[in-house]
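A.B. asks: Encoded as structure tokens, here's the structure I'll be asking about.
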Amino acid sequence: MLDSKLLRNSLDLVEDAFKKRGFEVDLTVLQKLEETRKALQSDTEKMQASLNEISKEIGKLKATKKNTSVKEKEASGLTKDIKKKSSKLDSILEDLNSFSLGLPNIPDPDVPVGSSEEDNLEIRTWGSIPEFAFQPKDHLEIGQLIGGIDMEAGSRITGSRFSVLKSDLAGLHRSLTQFMLDLHTKEHGYEELYVPYIVNSDSLIGTGQLPKFEKDLFKIEGDENYYLTSTAEIPVTNMLRDQIIDSKELPIKWVSHTPCFRSEAGSYGKDTKGLMRVHQFEKVELVQVVEGGNSEAVLEELTSHAEAVMQALEIPYRVVSLCTGELGFSAAKTYDIEAWIPSQANYREISSCSNFKDFQSRRMHARWKNIDKNTNELVHTLNGSGLAVGRTLLAIIELNQLEDGSIKVPEALRNYFSKDKISLTESE
RNA sequence: GGAGAGGUGGCAGAGUGGUCGAAUGCGCUCGCUUGGAAAGCGUGUAAGGGCUAAUACCCUUCGAGGGUUCGAAUCCCUCCCUCUCCGCCA
């Protein structure tokens, strides 16, 4: 959510930012609502103040056993008027709030302006694109050769875009998770959290998935507004909803491994094969909560933590800065880390690291106590995948394949996985 | 699932219709004291919003929502959460 003062006083700045995003909205609606709000609120508060005054007088009169019927009649009328006016005010405030909840964040000034993937700005690349002496296979073909990926079973058990991993690939998948968690907790100073995978609507509003993107989520039947989490960002960041944190606690660095459930509405026909785009995948997520003021530098740091996983696993990648049109709803700036995928001869997203500034914290009411100024200020929140486990497995399978379809296990996983090679022999 | 207890400020804990946004204690701030510290004394210390250049001032909030009343932390209704005991259970 944007600062209401910004919306009131610098509307042109907001309009300009939205234009860059390709986000269209009629902000005059906002201005009208705001005018009405102001008049109603000031009236209501004045009336309430005089009612409070009269009520106090009645209290004093009663204490001295004096007659109060005239005052009571006056107050009674006032009470009725206030009820009428404040219910109007309430509905205006609600309109104002729901309108504001639908407005996206303002991009940072250094975010490249553009409308599509092509406008993303490549920041750096790491590693070299591998040359194969043979025609490389895609991960699904390899997975099936070694009996490690079973898409038919996934669709039988549940439906399309669900998968089953077996034997060595299931183990490698688990090892990857373990490796990532250890790296972030031991080397990068993150505290590990185990969190609910089902979240309520308040949490989803807090991080920005609701009210606009409900179709991307799996909703759970029942009286509660419960949803399967689509990213650990939701439960982890909402740890701080309605909290005021002591400055000594900051920065907070949390890492959490969770499954992620996504409906992938609107992605029909995209990445239909294999593990690239599925309804359920595992992710190790990094979240940082900081005072604000230097969150730009923290985004660089957090991104480097995700990159460290890529480098340790020797996955060639590039980092791109998402252009204004590709930026997520809540983000002020996002770096995508894209792994080289041989079968597609292209870089594909494996991690997304974002700075949300105070956009999420304003929705969540997550603040920190500034002792020097004696004020409560909104924290800045950031997060990034470190990494998406399924896609990492996919990249490793493809990048480390040998001609016969067996897979070399990356050096970094030797302490986590018992073999240095996964071969076809066991499958048939 | 059954029975009971309870949700008040950073924490503990009073408050059962009227100067209660809330006693008291702890914690924390600043000051006095001290060579320095502790103790002691004094002082300040909830959040959100409105209006302000900024104060001042005003409004709202005692789990959430609704109701009664001139007036609700306090009375009534609904819901949520926490704890204890019993049952069931990974």
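For what it's worth, our numbering labels the leading residue of the first sequence as 849, then goes sequentially.
For each residue, glycine too, the CB sits at the ideal point set by N, CA and C.
(1) Under the DSSP definition of a beta bridge, which residues are partnered with residue 1108?
(2) Quick test of the definition: if touching needs 3 or more C-beta pairs under 8 Å, does the segment 1099 to 1108 touch the segment 1074 to 1087?
(3) Specify the secondary structure class of residue 1015 as computed by DSSP and reduced to three states.
(4) How far does the alpha helix (DSSP H) with residue 1262 in it extend, from its first residue to its last?
(5) Considering Cα atoms alone, identify which of 1063, 1055 and 1182 is closest to residue 965.
(6) Tell me the DSSP secondary structure of residue 1077 in three-state form.
(7) Give the C-beta separation of residue 1245 and residue 991 to the nearest angstrom, bearing in mind that I take them to be a contact with Cβ-Cβ under 8 Å.
(8) Of all the options 1221, 1058, 1237 and 1085, which has the alpha carbon lying nearest to the alpha carbon of residue 1132?
(9) Compute the Euclidean distance between the alpha carbons of residue 1200 and residue 1113, then round it to the nearest angstrom.
(10) Taking residue 1203 and residue 1144 to be in contact with their CB atoms under 8 Å, please state how far apart those CB atoms are, rounded to whole angstroms.
(11) By the three-class DSSP mapping on this structure, what secondary structure does residue 1215 have?
(12) What did DSSP end up calling residue 1003 once you bin it into helix, strand or coil?
(13) If you reduce the DSSP assignment to three classes, tell me which class residue 976 lands in.
(14) Taking the alpha-carbon positions, what's the residue 1066 to residue 1008 distance?
(15) Using alpha carbons as the reference points, say which of 1157, 1045 and 1150 lies closest to residue 1128.
(16) What first and last residue would you give for the alpha helix (DSSP H) that runs through residue 1226?
(17) Could you tell me how far apart the beta carbons of residue 1121 and residue 1020 are, in whole angstroms, since I believe they sit closer than 8 Å?
(18) What residues in its chain sit with their C-beta under 6 Å from that of residue 1278, if we drop five residues either side in the sequence?
(19) Looking at the structure shown, is residue 1085 part of a helix, part of a strand, or coil, going by DSSP?
(20) Given a threshold of 16 other Cβ atoms within 10 Å of its Cβ, counted over all protein chains shown, does residue 1016 qualify as buried or as exposed?
(21) With a threshold of 16 other CB atoms inside 10 Å of the CB of residue 1251, please say whether the residue is buried or exposed.
(22) How is residue 1142 classed by DSSP in three states: helix, strand or coil?
(23) Just to confirm the assignment, what range does the alpha helix (DSSP H) spanning residue 1193 have?
(24) Taking 8 Å as the limit between beta carbons, can you name the residues of its chain near residue 1191, skipping five residues before and five after?
(25) For residue 913, which residues from the same chain have a beta carbon less than 6 Å from its beta carbon, with the 5 sequence-adjacent residues on both sides left out?
(26) Work out the CA separation of residue 994 and residue 1271 for me, nearest whole Å.
(27) Starting from residue 1103, follow its DSSP beta bridges and name the residues at the other end.
(28) Looking at the secondary structure, which residues open and close the beta strand (DSSP E) in which residue 858 lies?
(29) Would you check if the distance between the CB atom of residue 850 and the CB atom of residue 940 is smaller than 9 Å?
(30) So, with DSSP's three-state summary, where would you put residue 911?
(31) According to DSSP, is residue 1197 part of a helix, a strand, or is it coil?
(32) Quick test of the definition: if touching needs 3 or more C-beta pairs under 8 Å, does the segment 1213 to 1230 touch the segment 1165 to 1177?
(33) With DSSP collapsed to three states, give me the class of residue 995.
(34) Find out if the Cβ-Cβ distance for the pair residue 1167, residue 869 is shorter than 9 Å.
(35) Applying the criterion that 16 or more other CB atoms from any shown protein chain within 10 Å of the CB defines a buried residue, is residue 856 buried or exposed?
(36) Looking only at its chain, what residues have a beta carbon closer than 6 Å to the beta carbon of residue 959, apart from the 5 residues adjacent to it on each side?
C.D. replies: With the structure as the only source:
(1) The partner list for residue 1108 (beta bridge, DSSP) reads 1129.
(2) Result yes; three or more Cβ-Cβ pairs closer than 8 Å.
(3) In the structure shown, residue 1015 sits in a helix (DSSP, three-state: H, G or I).
(4) From DSSP, residue 1262 is part of no alpha helix (DSSP H); its letter is neither H nor E.
(5) Distances from the alpha-carbon of residue 965 to those of 1063, 1055 and 1182 put 1182 closest.
(6) Residue 1077: coil per DSSP, three-state reduction.
(7) At roughly 7 Å, the Cβ-Cβ gap stays under 8 Å, so residue 1245 and residue 991 are in contact.
(8) Taking only the C-alpha atoms, the option nearest residue 1132 is 1237.
(9) Approximately 19 Å, taken between the alpha carbons.
(10) Yes, residue 1203 and residue 1144 are in contact; Cβ-Cβ is about 7 Å, under 8 Å.
(11) Assignment of residue 1215 by DSSP, reduced to helix, strand and coil, places it in the strand class.
(12) Residue state, collapsed to three classes: helix.
(13) Of the three classes helix, strand and coil, the one that applies to residue 976 here is coil, per DSSP.
(14) Using only the alpha carbons, I get a separation of about 15 Å.
(15) When only C-alpha atoms are compared, the closest one is 1045.
(16) Unbroken run through residue 1226 is the beta strand (DSSP E), 1223 to 1226; no alpha helix (DSSP H).
(17) About 20 Å separates the beta carbons of residue 1121 and residue 1020, which is beyond the 8 Å limit, so they are not a contact pair.
(18) Since the first residue of the chain shown is 849 and the last is 1276, residue 1278 is not available in this structure.
(19) Correct three-state label for residue 1085: helix.
(20) Residue 1016 counts as buried, since at least 16 other C-beta atoms from the protein chains shown sit within 10 angstroms of its C-beta.
(21) Flag for residue 1251 reads exposed.
(22) Coil at residue 1142, not helix or strand.
(23) Annotation: residue 1193 is outside any alpha helix (DSSP H) and is labelled neither H nor E by DSSP.
(24) So the list reads 984, 985, 986, 987 and 1246, once near-sequence residues are dropped.
(25) Closer than 6 Å at the Cβ level, and outside the excluded window around residue 913, lies no residue.
(26) Cα to Cα, residue 1271 sits roughly 7 Å from residue 994.
(27) Paired residue(s): 1040 and 1134.
(28) Segment: none, residue 858 is in no beta strand (DSSP E) and carries neither H nor E.
(29) Result no, Cβ atoms of residue 850 and residue 940 do not sit closer than 9 Å.
(30) When DSSP states are grouped into helix, strand and coil, residue 911 belongs to the helix group.
(31) Residue state, collapsed to three classes: strand.
(32) The segment 1213 to 1230 is not in contact with the segment 1165 to 1177.
(33) Three-state DSSP puts residue 995 in coil, outside helix and strand.
(34) In this structure, residue 869 does not lie closer than 9 Å to residue 1167 by Cβ.
(35) When all chains shown are included, residue 856 counts as exposed.
(36) Excluding residues within five positions, the ones whose Cβ falls inside 6 Å are 1172 and 1181.
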